[in-house]
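Visitor:
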Amino acid sequence: MFKVREFSNRLVDDWLKVWGDQAARFPEFLAPVTRQVMETQILGNFLFDPAGLLIAYEDDEPIGVIHAAFGPNADGTDLSHQVGILYPPVIRSDIAVRRGEVARALIEAAENYLRGRGSRRWYAGGYGNSSPFYTGLYGWTNPVGVCDEDTETIEILRQMGYRDDRVSRRFRMVWPPSRVSITPKIQEASNHVTISRFARQSEPSWWESNIYRNFESEEWNVFFRDGLNDDPIAGAVFRQMTRTCSPRGEIEQKESRFILDYIAVVETRLRRGIASLLLIFALADLERTYGRFTVDTVVGTDDAPLASFLRANGFLEVGTVSSFRKVVS
Ligand SMILES: CC(C)(COP(=O)(O)OP(=O)(O)OC[C@H]1O[C@@H](n2cnc3c(N)ncnc32)[C@H](O)[C@@H]1OP(=O)(O)O)[C@@H](O)C(=O)NCCC(=O)NCCS
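Residue numbering for the sequence shown follows our numbering, beginning at 46 and increasing consecutively.
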């Protein structure tokens, strides 16, 4: 028989044990989390409420965890108890009891927590950048979610009344590639523009500054050569967790990881090689500091141009990440 307990600080090792087991099972999807990462990314976040982090035990052995929390209001200035987030249940693979049974019990306990705080709209697997914790730890990208290999969780969520909400495609590349292809278009674009690197310029919302508090962000902007004082015609933002969150941690020792958070070109300048030039320039710039690294990003299933652009520039599609929705009365 198993039971579900609320988190307290003395249970950190139990949480790490469960996460570590699952991270070994889905190494391309769950980041290895050290105690330091857990402390800075989750427990040290002022939105953290121990009552929302639940651990399942069989006797005294931790066998599964789930985390429930709340998303932001519409303009990102405060929490909204209307938006309940259930992170996917994480369950050890080597347990005697049925994993499905543990997953259900954890999901129900998380729902009870959310209901008790007044939430009636639940997003399982997270809700894009509205998820307050774990940014960069699932799929090594921004959105939290259920990975496509975790068919068991997807099935259970559907059986428990969750509807499919969003599917995002995960793309990844390792830089530097064996060969960078500079097409004539890219060459031509480079004759007309200047690219500048900034520490992130735009003012983040309260919510954004919270979810990215352990990240460093770098932004590159493209300007016409003779229009340096004008608005940029393209921009890209990369984020990295490792240096601030885990200076000596396991993640950094393994390799540097970046999230490509954003890349866009103004509508009047599309298909002229500008985004490709920007991407290659930014990656070569990062290479000077980090050497070899991995870049992860996600694309909504409705954004064919971005997916095609990523493929043309050496990214590979490595899977999907899904979220699910349930509204209760
Ligand atoms: C995706 C995007 C960045 C591409 O910018 P771009 O400067 O037009 O891209 P490039 O000219 O460098 O394209 C390089 C290659 O990518 C592919 N590609 C780019 N746009 C494409 C499209 N609309 N359809 C199909 N393939 C496309 C092509 O293979 C292209 O090579 P080609 O033009 O020689 O065929 C641009 O369409 C954009 O800004 N979209 C909006 C993205 C967005 O919403 N960003 C915010 C969230 S991240």
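Glycine included, each C-beta is placed from N, C-alpha and C at the ideal position.
All values derive from a computational prediction rather than experimental measurement.
Give me the residue from M46, E84, I136, L88 with the minimum Cα distance to E103.
Guide: As a first step, residue 103 must be located in the sequence shown, where it is residue number 58. Ranking the options by Cα distance to E103, first place goes to M46.
Visitor: How would you call G206, buried or exposed, if buried means at least 16 neighbouring beta carbons within 10 angstroms?
Guide: The residue labelled residue 206 in the question sits at position 161 within the sequence shown. G206 comes out exposed.
Visitor: Counting C-beta neighbours from all protein chains within 10 Å, is the total for G89 16 or more, i.e. buried, or is it exposed?
Guide: Mapped onto the sequence shown, residue 89 falls at position 44. Exposed is the call here.
Visitor: Take D210 as the anchor and find which of V49, V366, E51 has the nearest alpha-carbon.
Guide: Walking along the sequence shown from the start, residue 210 turns up at place 165. Here the closest residue by C-alpha is V366.
Visitor: Specify, as a first and last residue, the run of the alpha helix (DSSP H) that Y403 falls within.
Guide: Here the chain comprises residues numbered 46 to 374, so residue 403 is not present and cannot be evaluated.
Visitor: Could you check whether the Cβ of A357 sits closer than 6 Å to any heavy atom belonging to ligand 1?
Guide: Taking the sequence shown and counting its residues from 1, one reaches residue 357 at position 312. Under cutoff, so the answer is yes.
Visitor: Would you list the residues sitting across from K48 in a DSSP beta bridge?
Guide: Working through the sequence shown from its first residue, we reach residue 48 at position 3. Bridge partners of K48: Y102.
Visitor: Would you mind sorting W167 into buried or exposed? The rule is 16 or more other CB atoms within 10 Å of its CB.
Guide: By one-based count along the sequence shown, residue 167 stands at place 122. Buried, because 16 or more other Cβ atoms sit within 10 Å of the Cβ of W167.
Visitor: So, at 8 Å on beta carbons, what are the nonlocal neighbours of D105 in its own chain, with the 5 sequence-adjacent residues on each side left out?
Guide: Along the sequence shown, read from residue 1 onward, the residue named residue 105 stands at position 60. Nothing meets the Cβ criterion.
Visitor: What would DSSP say about A281, mapped onto helix, strand or coil?
Guide: For this step, residue 281 is matched to residue 236 along the sequence shown. DSSP places A281 in strand when its eight states are reduced to three.
Visitor: Kindly give me the distance between the Cβ atoms of Y132 and G171, rounded to whole angstroms, as I take these residues to be in contact under 8 Å.
Guide: The residue you call residue 132 lines up with position 87 of the sequence shown. The residue you call residue 171 lines up with position 126 of the sequence shown. With a Cβ gap of about 6 Å, Y132 and G171 count as contacting.
Visitor: Can you list, in chain order, the residues of its chain whose CB lies under 7 Å from that of P292, leaving out five sequence neighbours each side?
Guide: Stepping through the sequence shown from its first residue, residue 292 is reached at position 247. Note that P292 has pLDDT 42, beneath the 50 cutoff, so the model's placement of it is unreliable and no number is given.
Visitor: Within 6 Å: the Cβ of V189 and any heavy atom of ligand 1?
Guide: Your numbering for residue 189 matches position 144 in the sequence shown. False, no ligand heavy atom lies under 6 Å from that Cβ.
Visitor: I want to know whether the segment 175–189 touches the segment 138–150 - three or more CB-CB distances under 8 Å.
Guide: Result no; under three Cβ-Cβ pairs closer than 8 Å.
Visitor: Give me the Cα-Cα distance between A148 and P107, rounded to the nearest whole angstrom.
Guide: Residue mapping note: residue 148 aligns to position 103 of the sequence shown, counting from 1. Residue mapping note: residue 107 aligns to position 62 of the sequence shown, counting from 1. So the two alpha carbons sit approximately 13 Å from each other.
Visitor: Taking a contact to mean a Cβ-Cβ separation below 7 Å, would you say I304 touches D341 in this structure?
Guide: Translated into the one-based positions of the sequence shown, residue 304 becomes position 259. Translated into the one-based positions of the sequence shown, residue 341 becomes position 296. Going by C-beta atoms, I304 is nearer than 7 Å to D341.
Visitor: Report yes or no: is there a C-beta of chain D within less than 7 Å of the C-beta of E73?
Guide: As a matter of chain content, chain D is missing from the structure shown, which is built from one protein chain.
Visitor: Could you give the distance in angstroms between the alpha-carbon of R50 and the alpha-carbon of E73?
Guide: Here residue 50 refers to the residue found at position 5 of the sequence shown. Here residue 73 refers to the residue found at position 28 of the sequence shown. Rounded to whole angstroms, R50 to E73 spans 29 Å at the Cα level.
Visitor: Using a Cβ-Cβ cutoff of less than 6 Å, which residues in the same chain neighbour L351 once the five nearest sequence positions on both sides are dropped?
Guide: Translated into positions along the sequence shown, residue 351 becomes position 306. Excluding positions up to five away in sequence, the list reads V344.
Visitor: With respect to the alpha helix (DSSP H) encompassing E264, which residues constitute its N-terminal and C-terminal limits?
Guide: Start at 1 with the first residue of the sequence shown, and residue 264 comes out as number 219. It is not in any alpha helix (DSSP H) - E264 instead sits in the beta strand (DSSP E) that spans 261–269.
Visitor: Quick check on the DSSP output: what are the complete alpha helix (DSSP H) runs of length 4 or more inside the segment 288–365, in order along the chain?
Guide: 295–299, 319–335, 349–357
Visitor: Alpha carbons only, please: which of P221, A234, V191, W252 is nearest the one belonging to S385?
Guide: Limits of the chain in this structure are 46 at one end and 374 at the other, which puts residue 385 out of reach.
Visitor: Taking DSSP as the reference, what is the three-state secondary structure of K371?
Guide: Translated into positions along the sequence shown, residue 371 becomes position 326. Of the three classes helix, strand and coil, the one that applies to K371 here is strand, per DSSP.
Visitor: Taking 7 Å as the cut-off, decide whether the C-beta atoms of F115 and V128 are in contact.
Guide: Indexing the sequence shown from 1 puts residue 115 at position 70. Indexing the sequence shown from 1 puts residue 128 at position 83. Yes, Cβ-Cβ distance for F115 and V128 is below 7 Å.
Visitor: Across which residues does DSSP place N174 in a beta bridge pair?
Guide: For the purposes of this step, residue 174 is identified with residue 129 of the sequence shown, where counting begins at 1. According to DSSP, N174 bridges with Y172.
Visitor: Looking at ligand 1, does it come within less than 6 Å of L92, judged from the CB to the closest heavy atom?
Guide: The residue you call residue 92 lines up with position 47 of the sequence shown. No.
Visitor: Work out the CA separation of R258 and L92 for me, nearest whole Å.
Guide: Within the sequence shown, residue 92 is the residue found at index 47, counting from 1. Within the sequence shown, residue 258 is the residue found at index 213, counting from 1. One C-alpha to the other measures close to 12 Å.
Visitor: Going straight from the alpha carbon of I201 to that of F178, what length do you get?
Guide: Locating residue 201 in the sequence shown gives position 156, counting from the first residue. Locating residue 178 in the sequence shown gives position 133, counting from the first residue. One C-alpha to the other measures close to 23 Å.
Visitor: Could you have a look at G116 and say whether DSSP puts it in helix, strand or coil?
Guide: Here residue 116 is taken as the residue at index 71 of the sequence shown, counted from 1. Three-state DSSP puts G116 in a strand.
Visitor: Could you have a look at M218 and say whether DSSP puts it in helix, strand or coil?
Guide: Residue mapping note: residue 218 aligns to position 173 of the sequence shown, counting from 1. Residue state, collapsed to three classes: strand.
Visitor: Please report how far the alpha carbon of A309 lies from the alpha carbon of R55, in whole angstroms.
Guide: Here the question's residue 309 lines up with position 264 in the sequence shown. Here the question's residue 55 lines up with position 10 in the sequence shown. Between A309 and R55, the C-alpha separation is close to 45 Å.
Visitor: Where does S223 sit, in a helix, a strand or coil, going by DSSP?
Guide: Within the sequence shown, residue 223 is the residue found at index 178, counting from 1. S223 falls in the coil class under three-state DSSP.
Visitor: Return the chain-ordered list of same chain residues with a C-beta closer than 7 Å to the C-beta of Q298, the five sequence neighbours on each side being excluded.
Guide: Here residue 298 corresponds to residue number 253 of the sequence shown, with the count starting at 1. Because Q298 carries a pLDDT of 46, less than 50, the predicted location of this residue cannot be relied on, and the following value inherits that uncertainty. Hits under 7 Å: none found.
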